[in-house]
Amino acid sequence: MKNLILQLACAACLIVLIPNRSNPQSAIRSPQSDLKLWYRQPAKEWTEALPVGNGRLGAMVFGGVDKERLQLNEVSLWSGSPQDADNPEALAALHEVRKLIFEGKYAEASAIANRKLVCKGAGSRSASATGSLYGSYQTLGDLTLTLDGSGQSSDYRRELDLDAATATVSYRQGDAMFRREIFSSAADQALVVRLTCDKPGRISFTANLNRPERFATSADGADGLVMTGQMNDGKNGTSGIKYVARLRAIAEGGKVGTTGSSLRIEGANAATLILAAGTDYKLQPPDYRGNDPERTTAAQLAQAAAKSYLDLRDRHVADYQKLFRRVSLDLGGSSEPKSMPTDERLKAVREGATDPGLIGLYFQFGRYLLISSSRLGSLPANLQGIWADGVQVPWNGDYHANINVQMNYWPAEVCNLAECHQPLFDLIDSLRPSGRKTAKVHYGADGWTVHTITNVFGFTSPGESPGWGLFPAAGAWLCQHLWEHYAFGGDRQFLQRVWPIMRESAEFYLDFLVADPRTGRLVSGPVNSPENTLITADGQRASLCMGPAMDQEIIWDLFTNVLESAKVLGIEDEFVRRVRNARERLLGPQIGSDGRLLEWSQEFKEAEPGHRHMSHLFALHPGRQISVTGTPELAAAARKSLEYRLSHGGGHTGWSRAWIINFWARLHDGDKAHENVVALLAKSTLPNFFDTHPPFQIDGNFGGTAGIAEMLLQSHADEIDLLPALPGAWPSGRVTGLRARGGFEVDLTWDSGKLIEATIRATQDGLCKFRYRDSTTQIDAKAGSSLRLDGTLKEL
Ligand code: FUC
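Residue numbers (the working numbering): 233 to 1028.
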């Protein structure tokens, strides 16, 4: 190859890569025509409906023939209010609880903690929060279309095209073929519904906008509706979030008019409905208000309505495909299942069928969901992304930060959707003011922290029960995402910007950690190891403890990321020295008498050996303290712990199963990882492909997508590992556009279970080691260069 300066074709060779392309970014790729979820019937249940979203404004498409229900969501539509939930009695009890735990008096420690080390007020009220300060994410309501027609239909098909982010419903009625297209456009900030028919003048329907409570709908001009309302603020009900949803109809032929709160379209050849919606919420502490939905929705509607339908669709598809088409995945398999509807394919997998194509579809559905629920300038994807029905949604549809919201973002970097990560960074940043106060009031500490749950109003206090709610490591875990964004993309300015967030999180730990009198090692606590219970030798049950493995590993991760950031930014000061010293003194991962990685600082029995959280394995994934190549003994212990959990029923929730895929991938056991991908599809996937905890919870979708990527490419252990966990079930295939830390984009082709070719594009300068099985090669890359390697890592 012309650009090659030096190549030594053997293990540990060095390839120097210099720019050979004007644009190293992956090209927009060809359409992926198989990427469709499709069904032969309308959705009866919400979990059969198909999601569309522009990151902020979402709809679930039911696709009825007589009645179309589009259940709507807007990401900031929350009940509740900002509140001060920090408990002024906590700090005085902290020392006592620590002392009791160090003395082995767990029951006494818990008794105090239950009263004192919790938030003040009602907390999250464990999922009945609509009337409380904490609040709940809620539905925006329904857009209902009641269609004229006989009701009889044939040739029905409902589909979601992941390549065009568009849902389609089509059917025949009498001599006419009807078609609906629905998408939510980020380019035009509107939901668009298009109704057409192959016979003129046949489009007649009535449109309504409503929600279960707190709404008023009226005509908005001669061709529209407007629905407004205000959420329960959890105080006196008068100052909650205000929302506006505006609908406009544009008919081609026929008539449009309003009567009362209904919009009527009659005898049109085609009709386009445009819906704009927003709230007065603003991600800005302490008030969290400031947007003007009256004005914004009117402007969005006017701008969208000025464009033709085709223009709206083209702008939407182009904007979406810029992100979506960066990655393609072909896992082989026969084409036969592709002719089956998605629910039937899923059923076949449940009954033991092999369908690699369905796994590829699931992977891309995860990427589709992230693009559709997390776009720049908005809130991050919550427990249900943006799709939630009713006014009280499971777990308040909030941000759980003891695994769930982090899992939502595991695919962001590796699956080439780094921009979609940004809303999480904005949320993290917004938590700092209240998080500083929580750190001071609860722990007398500098820095900032957040516990297990947070909402859109900056809730950072512990939850109302310490067994699940006392988990301040959530703040440090969130900071991992800031570092990862830098590690993948190499954006130094970004690192500079987020450095204070990471630094302040580390400052919290420098104050929070205490020396364990038994060992002298630094430990955190009192905290839970999410959300498990230990049993002491004398039979006490406790969830609170000092220095559980997960906390220790998360703190190690934060300190390591802070030290690496300081190096990049050229910072060497007293703070950095303190972090370095504290990291040395941390209690590290420990192996028990039976060879398992310990979950707690001492060898206790667990009350639920098959617990869904596998917190002590954080260091294996998503952390990097344990790896097969770097720390083989610890990796073997992690494997034992994982096997033990699984043999006791672990993985019974969707997200837990998804995490297990990532663990096996990191342990380089492709077959076990694959077994769990299949189990995720068979046991924890709803007919519309949503993950189920149960109930629906989106984290499993994202965790599953990340796990599949992790089977094909890893880069956490100071090298880029190609096909590290390829299962026997995928003998041949191809993936393009995955990203690796250090600023690389990677395409891989394999056949008969072996790597055939790797294409590597560098987006930044740097020296990097590549691995395929036992072969390694060093690449000295220059930004803008690309290189093709064969299955022995020799340059092609
Ligand atoms: C965590 C998990 C639960 C559930 C909840 C939303 O607390 O332990 O299983 O996923 O988040």
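C-beta: ideal position from N, C-alpha, C; glycine also.
Length of the line joining the Cα atoms of residue i and residue j
| i | j | result |
| --- | --- | --- |
| Asp512 | Gln624 | 20 Å |
| Ala769 | Ala870 | 23 Å |
| Asp950 | Thr861 | 10 Å |
| Thr1009 | Ser1018 | 15 Å |
| Ile603 | Leu649 | 8 Å |
| Asp266 | Asn640 | 25 Å |
| Gln532 | Arg607 | 17 Å |
| Val329 | Lys276 | 52 Å |
| Thr529 | Leu776 | 48 Å |
| Asp407 | Gln421 | 36 Å |
| Asn442 | Ser356 | 27 Å |
| Ala938 | Gly592 | 12 Å |
| Leu578 | Gly842 | 26 Å |
| Pro256 | Ala994 | Residue placement at Pro256 cannot be trusted, given a pLDDT of 39 that sits under 50; what the coordinates show is reported in the next sentence. Near 7 Å, if we compare the C-alpha coordinates of Ala994 and Pro256. |
| Leu742 | Pro655 | 28 Å |
| Glu484 | Pro274 | 26 Å |
| Gly1030 | Arg599 | With the chain running from 233 to 1028 in the structure shown, residue 1030 is simply not present. |
| Lys337 | Asn764 | 18 Å |
| Asp374 | Ala345 | 44 Å |
| Leu590 | Ser567 | 11 Å |
| Gln516 | Trp731 | 20 Å |
| Trp627 | Leu615 | 8 Å |
| Ser964 | Gly565 | 9 Å |
| Arg1020 | Ile940 | 23 Å |
Residue i classed as buried or exposed, judged by whether at least 16 other C-beta atoms fall within 10 angstroms
| i | result |
| --- | --- |
| Ser368 | buried |
| Asn636 | buried |
| Glu1030 | The question about residue 1030 has no answer, for the chain in this structure spans 233 to 1028. |
| Ala550 | exposed |
| Gly542 | Sequence check: residue 542 is Leu here, not Gly. So Leu542 ends up on the exposed side. |
| Arg750 | exposed |
| Pro643 | buried |
| Asp380 | exposed |
| His880 | exposed |
| Val688 | buried |
| Ala851 | buried |
| Ser571 | exposed |
| His327 | exposed |
| Lys875 | The question names Lys, but residue 875 is Glu in the sequence shown. Flag for Glu875 reads exposed. |
| Asn468 | exposed |
Three-state secondary structure (DSSP) of residue i
| i | result |
| --- | --- |
| Ser606 | coil |
| Lys268 | strand |
| Pro314 | coil |
| Pro256 | Interpretation of Pro256 is limited by its pLDDT of 39, a score under 50 that renders its predicted location unreliable; no figure is taken from the coordinates. |
| Arg179 | No information on residue 179 is available, as it lies outside the stretch 233 to 1028 that the chain covers here. |
| Leu878 | helix |
| Lys348 | helix |
| Gly862 | coil |
| Val425 | strand |
| Ile930 | coil |
| Cys647 | coil |
| Phe294 | coil |
| Val559 | coil |
| Glu942 | helix |
| Gln728 | helix |
| Asn464 | coil |
| Arg478 | strand |
| Gln1027 | One detail in the question is off: residue 1027 reads as Glu in this sequence, not Gln. If DSSP states are grouped into helix, strand and coil, Glu1027 belongs with the strands. |
Identified DSSP bridge partners for residue i
| i | result |
| --- | --- |
| Tyr520 | Beta-bridge pairing links Tyr520 to no other residue. |
| Glu498 | Lys487 |
| Arg404 | Ser386, Met409 |
| His632 | Ile685 |
| Ile992 | Val978, Leu1019 |
| Ile823 | Leu829 |
| Pro777 | Looking at the sequence shown, residue 777 is not Pro but Cys. According to DSSP, Cys777 bridges with Val759. |
| Pro283 | Met292 |
Whole-Å CB distance - residue i paired with residue j, under 8 Å assumed
| i | j | result |
| --- | --- | --- |
| Leu663 | Gly690 | 6 Å |
| Leu1025 | Ser1007 | 5 Å |
| Ile685 | Cys711 | 17 Å between Cβ atoms; not a contact. |
| Arg426 | Arg412 | 7 Å |
CB contact check: residue i to chain C, cutoff 8 Å
| i | result |
| --- | --- |
| Val909 | Among the protein chains of the structure shown there is no chain C, as only one such chain exists. |
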